[in-house]
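Read the structure below first, then the notes.
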Amino acid sequence: MKRPETIKKPEGKLAVLLPGLGAVSTTLIAGVLLARKGLASPVGSLSQTGTIRLGKRTDNRTPRIKEFAPLAALDDIVFGSWDLFPDNALESALHAEVLDSKHIDPIKDELAAIKPMTAAFYPEYVKRLSGTHVKTGATKADIVEQLREDIRTFIKTSGADRAVCVWCGSTEIFLEQTEAHQSIKAFEKGLLENDPSIPNSMLYAWACLKEGVPYANGAPNLTVDIPAMLELARETQTPVCGKDFKTGQTFMKTLLAPGFKARMLGMKGWFSTNILGNRDGEVLDDPGSFKSKEVSKLGALEQILQPELYPELYGDIYHKVRINYYPPRGDAKEGWDNIDIFGWLNYPMQIKVDFLCRDSILAAPLVLDLALFSDLGKRAGFRGVQEWLSFYFKSPQTASGLYPEHDIFIQSMKLKNTLRWMMGEELITHLGNEYYD
Ligand SMILES: NC(=O)c1ccc[n+]([C@@H]2O[C@H](COP(=O)([O-])OP(=O)(O)OC[C@H]3O[C@@H](n4cnc5c(N)ncnc54)[C@H](O)[C@@H]3O)[C@@H](O)[C@H]2O)c1
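Right, here's the structure in full:
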């Protein structure tokens, strides 16, 4: 890959477009508005609070990432969204019950001013929802054209210079690739014929890619994981990445599993269960949407542990993931893990993890980083799958033929090395030369 000769400066405003104005989107928007006013700090956001070491350890150069890479500033972000419910961001944030009034009151008016555009929504892809704030059209191709028009109009009326899109809409039913997904031509035919294998999320992604707007996929939907999307992304010089924000239990899994493997401890089983009561939980109560999530959650462990290389340690693991909709908990999810490991002479041990987390609080900073890094990628001339952003996803999208990297420490190194490389700095390999001096 060629190093970018120049990276366009982040001049003007950046439109962050969010399909789905639910718990995650409103938590993100509120956090950015509060941070701008100095009323909160963007905890959990690598782009805002993280640093990056440059050069040798003795050089003492460790700038903040946002000062090192030319990222858009929080002050320059304008938010746009779509939803099948007409609630504005204030109403939706109140409904989601993620934030206390002390975080909502100071930005009430700004939240109320963010109103969703009508959604592209065919209900058969998200069985538990029905709404009236939706587009109508004879074909899916018509709907894509309406979405493209939305994007252009939003950029114009908000005074933005450019846009990025992060999917924060619901999880759709599990879909597999079909003929219609194989090329631009086949996909466009499918749009005209209302092909059932083209769900709502693909309509947004297609509209974005046509407009050269980077698309990050926060749900386990198939969306940009198909050859037609990648062909279009290449053609329009647009970055894509996904899928499924890595926040709670899978985040824990990709922290712990690399450690067990590094120490060559064996594993017999990993049982994960969750209770959550937000709208996301309600959608995931549908078996079709759960299947998408389950597939996304199961992959990480196997890739990290590489049972084919270590059959005696990881060749016989029982891995189970459960999600239970339990309304009293709202957005405050509880994820339990029971891990059966074994050590020297096969002696068994157990580890229990009980993560009392907050789903949207964990997801919001990831959405911010993905928006800012996707915009950076676009300005640097990157296109297609952005593997360096695997850090943020449960099921990282890869170039065809490659396995995804799930180990969060490798993902973090890859992200930072990509930034160093992009900016003409030396890569850090952690290889010292003190052994020879
Ligand atoms: N919060 C997390 O930790 C986390 C982690 C990984 C993935 N996710 C995913 O992020 C997404 C958002 O999560 P959330 O908690 O905000 O859910 P949510 O249910 O609160 O919000 C999703 C919103 O999307 C809207 N929507 C659904 N289909 C749409 C469409 N076609 N067009 C426009 N709007 C549409 C819904 O009406 C809803 O308002 C979900 O898919 C979830 O699975 C969340």
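If you number the sequence shown the way my numbering does, the last residue is 694 and the count never jumps. Glycine included, C-beta positions come from ideal geometry on N, C-alpha and C.
- [ ] Measure the alpha-carbon distance for Asp362 versus Arg419 and round it to whole angstroms.
- [x] 30 angstroms
Task: Cβ separation of Thr428 and Lys590, assumed to be a contact under 8 angstroms, to the nearest whole Å - done: Rounded, the Cβ-Cβ distance is 14 angstroms, inconsistent with contact.
Task: Three-state class that DSSP yields for Asp594 in the structure shown - done: strand
Open item on the list: If you measure between the beta carbons of Phe338 and Pro373, is that distance less than 9 angstroms?
Closed with: The displayed chain sequence assigns Ser, not Phe, to residue 338. Yes. Within cutoff.
Open item on the list: Given a cut-off of 9 angstroms on the beta-carbon distance, is the pair Arg318 and Arg310 in contact?
Closed with: yes
Task: Simplified DSSP state of Ala420, which is helix, strand or coil - done: strand
Task: First through last residue of the alpha helix (DSSP H) which encompasses His663 - done: Counting along the chain, His663 falls outside any alpha helix (DSSP H), and DSSP gives it neither H nor E.
TODO: Would you mind sorting Ser298 into buried or exposed? The rule is 16 or more other CB atoms within 10 Å of its CB.
DONE: exposed
Task: At least three beta-carbon pairs within less than 8 angstroms, the region 522 to 535 to the region 575 to 594 - done: yes
Task: Rounded straight-line distance, which links the Cα of Ala519 to that of Leu570 - done: 12 angstroms
TODO: Give a single yes or no on whether Lys536 has its beta carbon closer than 8 angstroms to a heavy atom of ligand 1.
DONE: Lys is not the amino acid found at residue 536; the sequence shown has Arg there. True, at least one ligand heavy atom lies under 8 angstroms from that Cβ.
TODO: In the DSSP assignment, find the alpha helix (DSSP H) that holds Val289 and state where it starts and stops.
DONE: 280 to 293
TODO: Could you tell me if Leu659 is buried or exposed, where buried requires 16 or more neighbouring beta carbons within 10 angstroms of its beta carbon?
DONE: exposed
Open item on the list: Given this structure, state the Cα-to-Cα distance separating Lys442 from Gly641, to the nearest angstrom.
Closed with: 18 angstroms
Open item on the list: Under 8 angstroms: do the region 648 to 658 and the region 495 to 510 share three or more Cβ pairs, one atom per stretch?
Closed with: yes
Open item on the list: My output table needs one value for Ser652: the three-state DSSP class, helix, strand or coil.
Closed with: coil
- [ ] Could you tell me whether the Cβ atoms of Thr480 and Trp424 are closer together than 9 angstroms?
- [x] yes
TODO: Determine the DSSP secondary structure at Asp543, reduced to helix, strand or coil.
DONE: coil
- [ ] Specify the secondary structure class of Gly523 as computed by DSSP and reduced to three states.
- [x] strand
- [ ] Determine the burial state of Phe287: buried for a count of at least 16 other Cβ atoms within 10 Å of its Cβ, exposed for fewer.
- [x] What sits at residue 287 in the sequence shown is Ala, not Phe. With 16 or more other Cβ atoms within 10 Å, it is buried.
Open item on the list: Tell me which residue opens and which closes the beta strand (DSSP E) that His576 is part of.
Closed with: 575 to 582
Open item on the list: Restricting to Cα atoms, I'd like to know which of Pro471, Gln560, Ala476 is closest to Pro515.
Closed with: Gln560
- [ ] Indicate the three-state DSSP secondary structure (helix, strand or coil) for Leu271 in the structure shown.
- [x] strand
Task: Val624, enclosing alpha helix (DSSP H) - first and last residue - done: 616 to 636
Open item on the list: Tell me whether the region 478 to 495 and the region 434 to 448 touch, counting them as touching only if at least three CB pairs, one residue from each stretch, are closer than 8 angstroms.
Closed with: yes
- [ ] Kindly indicate which three-state DSSP category Ser370 falls into: helix, strand or coil?
- [x] Note that residue 370 corresponds to Ala in the displayed sequence, not to Ser. Three-state result, Ala370: coil.
- [ ] Can you have a look at His687 and say buried or exposed, based on whether 16 or more other CB atoms are within 10 angstroms of its CB?
- [x] exposed
- [ ] Could you check what DSSP says for Ile685 in three-state terms: helix, strand or coil?
- [x] coil
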